[in-house]
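Just so you know, we're using our numbering here: the sequence shown kicks off at -4 and counts up by one. The structure under discussion appears below in the form of C-alpha coordinates.
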Amino acid sequence: KYTWSSQSTYRGMRLSWVDLIDPLFARCIWELCGLEWFLRSIRIDGMEAVGLNDVVRIHRYEHGDYFGKHIDQVTKRQDGFESRYSLRVFLNGTDRRDFEGGTSVFHHPRWADPVLFEPQMATALLYPQGE
-4 KYTWSSQSTY
6 RGMRLSWVDL
16 IDPLFARCIW
26 ELCGLEWFLR
36 SIRIDGMEAV
46 GLNDVVRIHR
56 YEHGDYFGKH
66 IDQVTKRQDG
76 FESRYSLRVF
86 LNGTDRRDFE
96 GGTSVFHHPR
106 WADPVLFEPQ
116 MATALLYPQG
126 E
(Lines of atoms letter the chains of each structure in order from A and count residues from 1; the text may use other names and numbers.)
(Lines give C-alpha, C1' and ligand atoms only; values in the text may rest on other atoms or scores of the structure.)
Protein backbone atom coordinates (compact mmCIF):
# COMPACT_ATOMS: atom_id res chain seq x y z
CA LYS A 1 0.00 0.00 0.00
CA TYR A 2 2.81 2.44 0.83
CA THR A 3 5.95 2.98 -1.23
CA TRP A 4 9.21 4.71 -0.40
CA SER A 5 9.96 8.00 -2.13
CA SER A 6 13.54 9.07 -2.65
CA GLN A 7 14.98 12.54 -2.68
CA SER A 8 18.47 13.37 -3.80
CA THR A 9 20.30 16.65 -3.24
CA TYR A 10 17.11 18.74 -3.21
CA ARG A 11 17.40 21.46 -0.58
CA GLY A 12 20.37 19.76 1.02
CA MET A 13 18.96 16.32 1.64
CA ARG A 14 19.38 12.77 0.45
CA LEU A 15 17.06 10.21 2.03
CA SER A 16 14.00 8.04 1.46
CA TRP A 17 10.63 8.48 3.11
CA VAL A 18 7.08 7.24 3.16
CA ASP A 19 4.00 9.15 4.31
CA LEU A 20 1.50 7.04 6.22
CA ILE A 21 -1.84 8.83 6.02
CA ASP A 22 -3.80 6.97 8.63
CA PRO A 23 -5.78 8.65 11.44
CA LEU A 24 -6.03 5.37 13.37
CA PHE A 25 -2.25 4.82 13.26
CA ALA A 26 -1.63 8.40 14.42
CA ARG A 27 -4.17 8.02 17.24
CA CYS A 28 -2.59 4.71 18.35
CA ILE A 29 0.86 6.31 18.54
CA TRP A 30 -0.62 9.22 20.51
CA GLU A 31 -2.58 7.09 22.97
CA LEU A 32 -0.76 3.76 23.26
CA CYS A 33 2.83 5.02 23.24
CA GLY A 34 2.22 7.37 26.14
CA LEU A 35 2.45 10.73 24.37
CA GLU A 36 -1.04 11.76 25.45
CA TRP A 37 -0.19 10.91 29.07
CA PHE A 38 3.24 12.57 28.92
CA LEU A 39 1.92 15.84 27.47
CA ARG A 40 -1.38 15.94 29.41
CA SER A 41 -0.44 18.78 31.75
CA ILE A 42 1.83 20.83 29.50
CA ARG A 43 0.51 24.15 28.16
CA ILE A 44 2.55 26.31 25.78
CA ASP A 45 1.26 29.78 24.91
CA GLY A 46 -2.10 28.71 26.34
CA MET A 47 -2.35 25.73 24.00
CA GLU A 48 -2.44 22.02 24.75
CA ALA A 49 -1.47 19.06 22.61
CA VAL A 50 -4.50 17.16 21.31
CA GLY A 51 -2.96 14.51 19.06
CA LEU A 52 -0.72 13.77 16.12
CA ASN A 53 -1.11 14.80 12.51
CA ASP A 54 -2.80 12.07 10.46
CA VAL A 55 0.22 12.14 8.13
CA VAL A 56 3.07 10.26 9.81
CA ARG A 57 6.27 10.62 7.77
CA ILE A 58 8.88 7.92 8.20
CA HIS A 59 12.44 8.69 7.06
CA ARG A 60 14.94 6.02 6.12
CA TYR A 61 18.62 6.87 5.92
CA GLU A 62 21.18 4.70 4.18
CA HIS A 63 24.93 5.12 4.65
CA GLY A 64 25.86 8.62 3.41
CA ASP A 65 22.30 10.00 3.45
CA TYR A 66 21.60 13.31 5.17
CA PHE A 67 19.02 16.01 5.77
CA GLY A 68 20.60 19.47 5.71
CA LYS A 69 19.77 22.63 7.62
CA HIS A 70 16.05 23.43 7.42
CA ILE A 71 13.07 24.60 9.48
CA ASP A 72 10.10 22.30 10.07
CA GLN A 73 7.01 24.28 9.11
CA VAL A 74 3.75 24.58 11.01
CA THR A 75 0.97 22.65 9.25
CA LYS A 76 -2.55 24.11 9.37
CA ARG A 77 -5.34 21.60 8.95
CA GLN A 78 -8.82 22.14 7.51
CA ASP A 79 -10.40 21.35 10.90
CA GLY A 80 -8.66 24.37 12.47
CA PHE A 81 -5.94 22.45 14.31
CA GLU A 82 -2.30 23.07 13.50
CA SER A 83 0.98 21.37 14.22
CA ARG A 84 3.44 23.23 16.40
CA TYR A 85 5.98 20.53 17.24
CA SER A 86 7.81 17.77 15.40
CA LEU A 87 8.39 14.37 16.94
CA ARG A 88 11.30 12.25 15.79
CA VAL A 89 11.65 8.66 17.02
CA PHE A 90 14.93 6.80 16.41
CA LEU A 91 14.45 3.10 15.67
CA ASN A 92 17.68 2.18 13.89
CA GLY A 93 19.15 -1.26 14.36
CA THR A 94 18.51 -4.13 16.68
CA ASP A 95 21.52 -3.62 18.92
CA ARG A 96 23.83 -0.74 19.81
CA ARG A 97 26.38 -1.61 17.12
CA ASP A 98 23.76 -1.08 14.40
CA PHE A 99 22.89 2.46 15.47
CA GLU A 100 24.98 5.33 14.09
CA GLY A 101 24.23 8.91 13.14
CA GLY A 102 20.97 10.77 13.51
CA THR A 103 22.52 13.85 15.11
CA SER A 104 20.15 16.83 15.08
CA VAL A 105 21.62 20.33 15.17
CA PHE A 106 19.51 23.26 16.38
CA HIS A 107 20.63 26.80 15.53
CA HIS A 108 19.36 29.83 17.43
CA PRO A 109 20.15 33.41 16.39
CA ARG A 110 20.97 34.45 19.96
CA TRP A 111 23.30 31.54 20.72
CA ALA A 112 26.88 31.39 19.49
CA ASP A 113 26.95 27.59 19.35
CA PRO A 114 24.25 25.26 18.05
CA VAL A 115 22.59 22.70 20.31
CA LEU A 116 23.41 19.11 19.32
CA PHE A 117 21.18 16.13 20.00
CA GLU A 118 22.94 12.81 19.49
CA PRO A 119 20.32 10.08 19.84
CA GLN A 120 20.65 6.67 21.27
CA MET A 121 18.64 3.76 19.95
CA ALA A 122 14.92 3.94 20.84
CA THR A 123 14.95 7.59 21.92
CA ALA A 124 12.62 10.39 20.85
CA LEU A 125 13.07 14.08 20.20
CA LEU A 126 10.23 16.62 20.46
CA TYR A 127 11.02 20.13 19.21
CA PRO A 128 9.16 23.28 18.06
CA GLN A 129 8.38 23.99 14.42
CA GLY A 130 8.75 27.33 12.68
CA GLU A 131 11.16 30.19 13.09
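Every residue gets a Cβ at the ideal spot worked out from N, C-alpha and C, and that includes glycine.
Residue i in three-state terms, based on DSSP
{"i": "Trp106", "result": "coil"}
{"i": "Pro123", "result": "strand"}
{"i": "Glu113", "result": "coil"}
{"i": "Glu57", "result": "coil"}
{"i": "Glu26", "result": "helix"}
{"i": "Phe33", "result": "helix"}
{"i": "Phe101", "result": "strand"}
{"i": "Leu137", "result": "Given a span of -4 to 126 for the chain in the structure shown, any question on residue 137 remains unanswerable."}
{"i": "Phe62", "result": "strand"}
Sequence-distant residues of its chain with Cβ nearer than 7 Å to residue i (five each side left out)
{"i": "Val84", "result": "Ala119"}
{"i": "Glu95", "result": "none"}
Rounded C-alpha distance that separates residue i from residue j
{"i": "Ser99", "j": "His54", "result": "14 Å"}
{"i": "Glu26", "j": "Trp32", "result": "8 Å"}
{"i": "Tyr122", "j": "Asp67", "result": "9 Å"}
{"i": "Tyr80", "j": "Met42", "result": "12 Å"}
{"i": "Arg105", "j": "Ile37", "result": "25 Å"}
{"i": "Gln124", "j": "Val13", "result": "20 Å"}
{"i": "Asp17", "j": "Arg9", "result": "25 Å"}
{"i": "Pro109", "j": "Leu82", "result": "19 Å"}
{"i": "Leu145", "j": "His103", "result": "The question about residue 145 has no answer, for the chain in this structure spans -4 to 126."}
{"i": "Gln73", "j": "Leu30", "result": "23 Å"}
Residues near residue i in its chain [Cβ-Cβ closer than 6 Å; skip 5 each side]
{"i": "Pro114", "result": "Phe85, Gly97"}
{"i": "Ala44", "result": "Leu34"}
{"i": "Phe112", "result": "Ser99, Leu120"}
Contact set for residue i: own chain, Cβ-Cβ below 8 Å, skip 5 residues either direction
{"i": "Gly7", "result": "Tyr61, Phe62, Gly63, Lys64, His65"}
{"i": "Trp69", "result": "Here residue 69 turns out to be Val, not Trp, going by the sequence shown. The answer, listed in chain order, is Glu77, Ser78, Arg79, Gln124, Gly125."}
When you compare the region 10 to 27 with the region 43 to 55, are there three or more beta-carbon pairs, one atom per stretch, that lie closer than 8 Å?
Touching, yes.
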